[in-house]
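Asks: One structure follows; several queries about it will come next.
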Amino acid sequence: MGDVRSPTDIGPPCCRGAALCPGPAAKISGEMTESGWPSTYKRVWFITGASDGIGRALTEAVLARGERAVVTARRPERVRELIERYPAQALVVELDVTRREQVQRSVSEASDRFGRIDVLVNTTGQLFDANVFGLVDVTRAVLPFMERVCRGHVINVLSITPGRLAVEGFSAALAKQMAPLGIKVSTFESSANGHHPEESASVAEAIMAAVDDNEEPDIRG
Numbered sequence: 111m112g113d114v115r116s117p118t119d120i121g122p123p124c125c126r127g128a129a130l131c132p133g134p135a136a137k138i139s140g141e142m143t144e145s146g147w148p149s150t151y152k153r154v155w156f157i158t159g160a161s162d163g164i165g166r167a168l169t170e171a172v173l174a175r176g177e178r179a180v181v182t183a184r185r186p187e188r189v190r191e192l193i194e195r196y197p198a199q200a201l202v203v204e205l206d207v208t209r210r211e212q213v214q215r216s217v218s219e220a221s222d223r224f225g226r227i228d229v230l231v232n233t234t235g236q237l238f239d240a241n242v243f244g245l246v247d248v249t250r251a252v253l254p255f256m257e258r259v260c261r262g263h264v265i266n267v268l269s270i271t272p273g274r275l276a277v278e279g280f281s282a283a284l285a286k287q288m289a290p291l292g293i294k295v296s297t298f299e300s301s302a303n304g305h306h307p308e309e310s311a312s313v314a315e316a317i318m319a320a321v322d323d324n325e326e327p328d329i330r331g
């Protein structure tokens with residue numbers, strides 16, 4: 111994958127090793143649920159490919175529950191109505207994951223608006239560049255926010271594409287590297303690519319449950 115650095119080389123030195131990580135409880139106060147999230151905590155989700163399919167269904171579910179979402183899409187006009195419906199919760203950003211300048215800009219806008227990113231869900235990509243290189247670039251850009259607080263969850267939705275095995279390998283390696291920092295990495299398989307409404311809804315529900323429970327998604331479409 112060219113110049114892709116080890117994820118543990120990203121972010122401030124204070125979170126590059128388990129011994130130096132203060133742990134989630136030291137960073138976020140409040141009564142903790144069984145999943146490790148404070149009971150009153152409103153997470154910030156960064157969702158790619160949010161204009162349709164699984165990305166859209168997940169975005170709708172996240173916002174309906176009162177949490178915040180960075181809603182990214184190549185055609186942002188298709189999700190603009192979410193700002194009208196959820197003005198305090200939704201940030202709509204144009205993002206083609208194959209364009210690194212847009213990746214960096216979208217993450218900067220998320221930081222300016224919400225100050226953090228708690229959950230990253232990569233759903234985009236039928237082409238190799240988007241499904242592999244784009245996914246890696248977005249993950250690299252978001253990880254520093256999670257490393258600073260030593261908590262977070264990255265979920266990569268796998269579909270039937272040429273880059274599937276590469277994404278699986280990247281996710282497995284990343285999970286091992288991020289585990290000492292309290293950052294979870296999960297993969298979710300979708301055989302129908304999330305284009306059937308009933309599948310999109312079930313996938314979105316399972317992803318949210320996995321983040322709530324801090325468990326690995328275990329549904330194969």
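Residue 111 is where the sequence shown starts when you use the working numbering, and the numbers rise one by one after that.
For every residue, glycine included, the Cβ atom is placed at its ideal position computed from N, Cα and C.
Since the model is a prediction, treat every value here as computed from it, not as a measurement.
1. What does DSSP give as the partner residues of residue 157 in its beta bridges?
2. Is it the case that the Cβ atoms of residue 333 and residue 264 are separated by a distance below 8 Å?
3. DSSP on residue 189, reduced to helix/strand/coil?
4. What did DSSP end up calling residue 275 once you bin it into helix, strand or coil?
5. Quick one: what does DSSP say residue 286 is sitting in, helix, strand or coil?
6. Indicate the three-state DSSP secondary structure (helix, strand or coil) for residue 198 in the structure shown.
7. Go ahead and pull the three-state DSSP assignment for residue 265.
8. My output table needs one value for residue 270: the three-state DSSP class, helix, strand or coil.
9. Give the C-beta separation of residue 321 and residue 227 to the nearest angstrom, bearing in mind that I take them to be a contact with Cβ-Cβ under 8 Å.
10. In terms of residue numbering, what span does the alpha helix (DSSP H) encompassing residue 72 cover?
11. Do three or more CB pairs link the region 203-215 to the region 180-188 at distances below 8 Å?
12. Can you name, in chain order, every residue of its own chain whose Cβ lies under 6 Å from the Cβ of residue 57, other than the five neighbours on each side?
13. Specify, as a first and last residue, the run of the alpha helix (DSSP H) that residue 248 falls within.
14. Inspect the beta-carbon positions of residue 313 and residue 298 and report whether they are closer than 8 Å.
15. Taking just the CA atoms, how far does residue 175 sit from residue 198?
16. Considering only the alpha carbon of each residue, which of 270, 271 and 266 lies closest to residue 283?
17. Report the rounded CA-to-CA distance for residue 319 versus residue 211, giving the unit in angstroms.
18. Of the residues 196, 222, 232 and 194, which one's Cα is nearest the Cα of residue 63?
19. With 16 as the cutoff for other CB atoms within 10 Å, does residue 261 come out buried or exposed?
20. If you draw a straight line from the C-alpha of residue 168 to the C-alpha of residue 162, how long is it?
Replies: A quick look at the data gives this:
1. Walking along the sequence shown from the start, residue 157 turns up at place 47. Its beta-bridge partners are 181 and 231.
2. With the chain covering only 111 through 331, there is no way to say anything about residue 333.
3. Position 79 of the sequence shown, counted from the start, is the residue given in the question as residue 189. The answer is coil: DSSP assigns residue 189 none of H, G, I, E or B.
4. One-based indexing of the sequence shown puts residue 275 at position 165. Residue 275: helix per DSSP, three-state reduction.
5. As a position in the sequence shown, residue 286 is number 176, starting the count at 1. If DSSP states are grouped into helix, strand and coil, residue 286 belongs with the helices.
6. Locating residue 198 in the sequence shown gives position 88, counting from the first residue. Residue state, collapsed to three classes: coil.
7. Looking up residue 265 in the sequence shown gives position 155. The answer is strand: DSSP assigns residue 265 an E or B state.
8. Numbered from 1 along the sequence shown, position 160 holds the residue referred to as residue 270. Correct three-state label for residue 270: coil.
9. One-based indexing of the sequence shown puts residue 321 at position 211. One-based indexing of the sequence shown puts residue 227 at position 117. The Cβ separation is near 13 Å, so there is no contact.
10. No statement about residue 72 is possible, as the shown extent of the chain runs from 111 to 331 and does not include it.
11. yes
12. Any property of residue 57 remains undetermined from this structure, which presents the chain solely from 111 to 331.
13. Indexing the sequence shown from 1 puts residue 248 at position 138. Start and end: 245-259.
14. Numbered from its first residue, the sequence shown carries residue 313 at position 203. Numbered from its first residue, the sequence shown carries residue 298 at position 188. Yes, the Cβ-Cβ distance between residue 313 and residue 298 is below 8 Å.
15. On the sequence shown, position 88 is the one that residue 198 refers to. On the sequence shown, position 65 is the one that residue 175 refers to. Going from the Cα of residue 198 to the Cα of residue 175 covers about 13 Å.
16. In the sequence shown, counting from the first residue as 1, residue 283 sits at position 173. Ranking the options by Cα distance to residue 283, first place goes to 266.
17. Here residue 319 refers to the residue found at position 209 of the sequence shown. Here residue 211 refers to the residue found at position 101 of the sequence shown. Cα to Cα, residue 319 sits roughly 32 Å from residue 211.
18. Outside the modelled stretch of the chain, which goes from 111 to 331, sits residue 63, for which no answer is possible.
19. The sequence position of residue 261 within the sequence shown is 151, counting from 1. Result: buried.
20. Along the sequence shown, one-based indexing puts residue 168 at 58. Along the sequence shown, one-based indexing puts residue 162 at 52. Roughly 10 Å separates the two Cα atoms.
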